[in-house]
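Residue 1 is where the sequence shown starts when you use UniProt numbering, and the numbers rise one by one after that. For each residue, glycine too, the CB sits at the ideal point set by N, CA and C.
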Amino acid sequence: MKNFVIFQLDQLASRALRVYGNNDSYTPNIDKLCESGVAAEAAYSPCPLCQPARAALWSGQYSHRNRVWSNGRAWPITPLDDTFPALGEEFRKAGYKAVHFGKKHDGGALRGFECSEERETRIADENKRFPFNMDSYADKYTLDEAIKFISSYSFDKPLCMVVDFINPHNICGFVGKNKGPHEPFSGPLPQLPENYEFDDIINRPTPVKYLCCSHVRQAQTVGWCDDNFREYLAAYYYYLSVADRYIGEIINRLENSKIKGDITYILLSDHGDSMAARGSVTKQVTLYEEVTRVPFIFSGALVKSRGIAKGICSTLDLFPTLLSLAGIERPNGLDGVDISQILTGNTLPKREYVTSEWFTEWGYTISPGRMIRKDNVKYIRYLEDDGEELYLLDRDPFEKHNAAKDEPELLANMRALLDSYIKDSEDPFYTLPVKADKRWRSHSCGYQNHRGPTAPEELSGNNAKVNVSLVRNQ
């Protein structure tokens, strides 16, 4: 009997984990999974935003295909119907007990899973510097419900279990509580990343230059000093450590259950976090490594490989890979690749490229973008002002210098590759709308120069709506 337990965290960048080179975070339980398993070297989120990333993961389709483009509000989405693939449905039809605990925000793609309620258990703060909010309260409820299930389930059917923790997403509320200038914490703090300074901002695309105008959390950092950004990292690692502790509790229960020794664990994230790179926080608009590159870890019964599996992949690969491991026939319409060879061969399948996409967070500003990576070359394109970025990741892993003007031949090749992908995948990218009022493109360059309300703050009060011309199957 093959049992699968999937841990998904919200906003966990691969750079936050020790297996990917971090020495500041404390994640002993995730570390144990890595020590007894294999991690994909470079796994990318299909979209660095909660709802589109989750809908893509569980449906196996990019946002441009399933049309879950945003988190809602001024650009509402239509939940996926039963014409779209759904991982939970495939496992349920194959005789599995398919259960989901925790955060959904899935655009209807969790169809087929028996889903627990999304509720909160209020808990006292464990560290006054890093208060809990509704994200952490929800995670405590998720933990308790998952443990109740493990304690009561008969295990008469094979198990496909998803535990969807929100942390380290509590970091978003931390920014709000500490917005603007404030005295840094006393005591030791993590070091800032190598790409903390944004010396090259003038050479970046317009949506990136004015991230602070479309992203509330970024605007809330105006007035922060270097140590405030170090506090941010300390808080991020703290909330991650809470999620790690909960993961350990669930694994402990499972390893003392009837299916001990017959469980394959998978750990991944919907998207990453900026982690103070370029003086930025959380995620929005950008397609840099911090927000698009996520952990993708396999451990347990079916895993013979150890260490890091070289190569590139997408978390869209989860759907076809799990079906392959479970011996379930693959449905039509999946965009991912079966990477099950990673479990025994410590290698990822060779692929020409991997992609990620951006449209909008809430619909108040719309800045469609696409990222494509081939080998160690990464190309990013935004529709607004025809913005382009080019990075040679083997030379510039922190994307400190936009090489678009330095490498005209390589730029042309990558542009052509993206064009080919867009055509082949029927991605409507070049027909998508751009929405950015001049009010949010007017201040002098630099996030710390932002003044006034952001577009979401200004427009949400007016109940602004976007004319939705893109509909499913159009």
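Buried is the label assigned to M275, since at least 16 other Cβ atoms lie within 10 Å of its Cβ.
Spanning the alpha carbons of P158 and F4 requires a straight line of approximately 8 Å.
Assignment of beta strand (DSSP E) within the segment 276 to 362, counting only whole runs of 3 or more residues, yields 296 to 300, 307 to 314, 354 to 358 in chain order.
Annotated three-state conformation of W440 is helix, per DSSP. In the three-state reduction of the DSSP assignment, G88 falls in the helix class. Uninterrupted alpha helix (DSSP H) stretches at least 4 residues long and entirely within the segment 171 to 213 occur at 171 to 177, 206 to 209, given in chain order.
A234 sits away from P193, with the two beta carbons spaced by 7 Å or more. C115 is bridged by DSSP to H100.
Here the alpha carbons of T365 and N23 stand approximately 37 Å from one another. Contact check between the segment 245 to 256 and the segment 39 to 49: fewer than three CB pairs, one atom from each, fall below 8 Å, which does not count as touching. Under DSSP, A94 forms no beta bridge with any residue. Taking the C-beta atoms as reference points, L80 is found no nearer than 7 Å to S269. Using a 10 angstroms sphere on the CB of Y26, the tally of other CB atoms stays under 16, which defines it as exposed. Residue T292 holds the alpha-carbon nearest to the alpha-carbon of P52 among I380, A455, E120, T292. With respect to P85, L334 sits close: the two C-beta atoms are nearer than 7 Å. Cβ contact annotation for L240 (same chain, cutoff 7 Å, sequence separation greater than five): L12, A16, S25, T27, N167, P168, in chain order.
Taken atom to atom, the span from the alpha-carbon of Y141 to that of Y353 is near 39 Å. Counting the other CB atoms within 10 Å of its CB gives P456 a total of 16 or more, which places it among the buried residues. Beta-bridge analysis with DSSP links K435 to I366. Inter-segment contact for the segment 124 to 135 and the segment 173 to 181 is present: three or more beta-carbon pairs are separated by less than 8 Å. For C160, the uninterrupted beta strand (DSSP E) segment begins and ends at 159 to 164.
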